[in-house]
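Chains as they are written, first to last, in the numbering used here: chain A, 295 to 499; chain U, 4 to 116.
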Amino acid sequence: MPDLTAAAGAVFAGAGALDAFLQGFADMKLPGLGEDIMAYLAYILYLAMMAGGGLAAVLAGNLVRALLGLAAAFMGAAGMYLLMASPFMAFMQLLIYIGAICVLIFFAIMLVQNASGGEETRRPGLGQLFYGLAAAGAAVLLFGPVIVRHAGRLARAARPSETPTADLGQGLLSYYVVPFELISMILLAAMAGGVFLIWEKRRKR
Amino acid sequence: MTVAPLTLFMLAALVLMAIGLLGLITRRTLVGMLISVELLLNGAGLSVVAAAKLTPVSDVAGNHLAAIGQLAAIFIMGLAAAEATLVLAIMTVVHRRFGAVTVAELTTLRSVK
Numbered sequence: 295m296p297d298l299t300a301a302a303g304a305v306f307a308g309a310g311a312l313d314a315f316l317q318g319f320a321d322m323k324l325p326g327l328g329e330d331i332m333a334y335l336a337y338i339l340y341l342a343m344m345a346g347g348g349l350a351a352v353l354a355g356n357l358v359r360a361l362l363g364l365a366a367a368f369m370g371a372a373g374m375y376l377l378m379a380s381p382f383m384a385f386m387q388l389l390i391y392i393g394a395i396c397v398l399i400f401f402a403i404m405l406v407q408n409a410s411g412g413e414e415t416r417r418p419g420l421g422q423l424f425y426g427l428a429a430a431g432a433a434v435l436l437f438g439p440v441i442v443r444h445a446g447r448l449a450r451a452a453r454p455s456e457t458p459t460a461d462l463g464q465g466l467l468s469y470y471v472v473p474f475e476l477i478s479m480i481l482l483a484a485m486a487g488g489v490f491l492i493w494e495k496r497r498k499r
Numbered sequence: 004m005t006v007a008p009l010t011l012f013m014l015a016a017l018v019l020m021a022i023g024l025l026g027l028i029t030r031r032t033l034v035g036m037l038i039s040v041e042l043l044l045n046g047a048g049l050s051v052v053a054a055a056k057l058t059p060v061s062d063v064a065g066n067h068l069a070a071i072g073q074l075a076a077i078f079i080m081g082l083a084a085a086e087a088t089l090v091l092a093i094m095t096v097v098h099r100r101f102g103a104v105t106v107a108e109l110t111t112l113r114s115v116k
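If you want it as structure tokens, here you go:
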């Protein structure tokens with residue numbers, strides 16, 4: 295993987311290449327070289343939050359700690375959306391993922407088992423760990439070279455500009471009207487199905 | 004060598020995907036697997052928004068569609084919410100029936116040992 299390692303080396307090499315590959319980052323309203331350094335530092339911070347939180351979510355023996363790691367990873371992703379000049383997405387990320395899904399998973403943990411004990415405190419077996427690392431490595435080996443080789447060629451040189459929220463609303467009511475209606479049907483069906491699944495069992499008792 | 008921002012964001016999404024896959028296989032309970040699936044879905048949304056924000060996007064008529072990637076990621080978020088709701092209900096039912104949400108315990112369909 296010479297390409298990947300070379301690119302990774304360039305990413306983390308430091309000051310020399312730094313200015314060049316931060317051209318497209320979001321406008322952070324700081325003059326000159328300063329804004330690029332800020333964007334670079336913010337990217338590193340958010341990436342560390344995502345990777346560290348994700349690893350905690352996956353490897354923590356206590357499920358509540360895993361959930362906290364998941365929330366940290368979501369916050370890192372929200373920061374990535376901010377860097378891409380889409381603040382609306384960052385707010386939706388905080389609202390839906392951290393506000394709704396994390397709380398839902400917390401309910402799942404509470405309903406289903408005692409968080410600190412249980413099966414998850416056991417370390418994964420060697421075979422499990424091997425297969426997991428193989429799956430993760432396969433994803434990296436499949437997509438990493440493609441990303442490193444082709445993403446740079448496709449990308450626009452200019453900085454990403456913020457899309458007005460009004461455009462998002464118009465998009466939902468014009469070219470995305472069918473998916474918009476479908477997803478409300480799906481949400482309704484999921485909620486009704488969830489209520490039905492739990493209701494049925496309780497009536498029999 | 005210059006690295007485009009799109010590459011950086013795609014690599015970040017790839018990190019989320021790899022961690023999610025690792026967790027999906029190493030976790031033993033349905034709750035842990037649900038957490039991993041959420042990581043995978045989040046990575047997918049991140050990559051969709053990055054691809055749409057940092058490359059020129061237009062429809063067949065040539066109109067510039069700036070919002071299309073962000074809307075797709077919002078649909079992904081909606082689907083993730085629906086999926087988490089259903090999985091919570093399914094986990095509750097499984098817990099009542101089997102007394103556990105450990106994957107190794109859910110072996111009704113396995114043939115006689």
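Beta carbons: idealized from backbone N, C-alpha and C, even for Gly. Computed from a prediction, not measured in an experiment: that's the story for all the values here.
- For the C-beta of residue 80 (chain U), the chain A residues within less than 8 Å are, from N- to C-terminus, 386, 387, 390, 391.
- Between residue 472 (chain A) and chain U, the shortest Cβ-Cβ separation is not below 8 Å.
- Shown here, residue 61 (chain U) sits in a strand according to DSSP, grouped into three states.
- By the rule that beta-carbons nearer than 8 Å mark a contact, residue 58 (chain U) touches chain A.
- In the structure shown, the three-state DSSP call for residue 32 (chain U) is strand.
- Look at residue 95 (chain U) here: in three-state DSSP terms it is helix.
- Contact annotation: in the region 419-444 of chain A, residues whose CB is within less than 7 Å of a CB in chain U are 422, 423, 425, 426, 427, 429, 430, 433, 434, 437, 438, 441, 442.
- Within the region 83-99 of chain U, the residues whose Cβ lies closer than 7 Å to some Cβ of chain A are 83, 84, 85, 87, 88, 89, 91, 92, 93, 94, 95, 96, 98, 99, listed in chain order.
- For residue 381 (chain A), not one C-beta of chain U is nearer than 8 Å to its own C-beta.
- The alpha-carbon of residue 106 (chain U) is positioned some 10 Å away from that of residue 34 (chain U).
- Here the alpha carbons of residue 342 (chain A) and residue 370 (chain A) stand approximately 8 Å from one another.
- DSSP places residue 10 (chain U) within a helical segment (H, G or I) once states are collapsed to three.
- Within the region 37-57 of chain U, the residues whose Cβ lies closer than 7 Å to some Cβ of chain A are 37, 38, 39, 41, 42, 45, 49, 52, 53, 56, 57, listed in chain order.
- In this structure residue 10 (chain U) touches residue 442 (chain A) by the C-beta definition: roughly 6 Å separates them, less than 8 Å.
- In the same chain as residue 384 (chain A), and ignoring 5 residues on each side of it, the C-beta atoms closer than 8 Å to its own belong to 372, 373, 375, 376, in chain order.
- Neighbours of residue 374 (chain A) in chain U, taken as residues at a C-beta separation under 7 Å, are given in chain order as 12, 15, 49.
- In the same chain as residue 15 (chain U), and ignoring 5 residues on each side of it, no C-beta atom comes closer than 6 Å to its own.
- Between the region 38-56 of chain U and the region 91-98 of chain U, the count of Cβ pairs shorter than 8 Å is below three; the stretches do not touch.
- Contact annotation, residue 89 (chain U) with residue 487 (chain A): C-beta distance approximately 6 Å; criterion of less than 8 Å satisfied.
- Boundaries for residue 470 (chain A): no alpha helix (DSSP H) harbours it, and the DSSP string shows neither H nor E there.
- Annotation: the continuous alpha helix (DSSP H) that includes residue 359 (chain A) extends over 357-377.
- Sequence-distant Cβ neighbours of residue 426 (chain A) in its own chain, meaning closer than 8 Å and more than five residues away, are 418.
- The beta carbon of residue 461 (chain A) falls within 8 Å of a beta carbon belonging to chain U, placing the residue at that interface.
- Between the C-alpha atoms of residue 30 (chain U) and residue 333 (chain A) there is a straight-line separation of about 35 Å.
- When only Cα atoms are considered, residue 102 (chain U) and residue 493 (chain A) end up about 18 Å apart.
- Taking a 10 Å sphere around the C-beta of residue 378 (chain A), we find 16 or more other C-beta atoms and assign the residue as buried.
- When the beta-carbon positions are compared, residue 6 (chain U) and residue 446 (chain A) come within less than 8 Å of each other.
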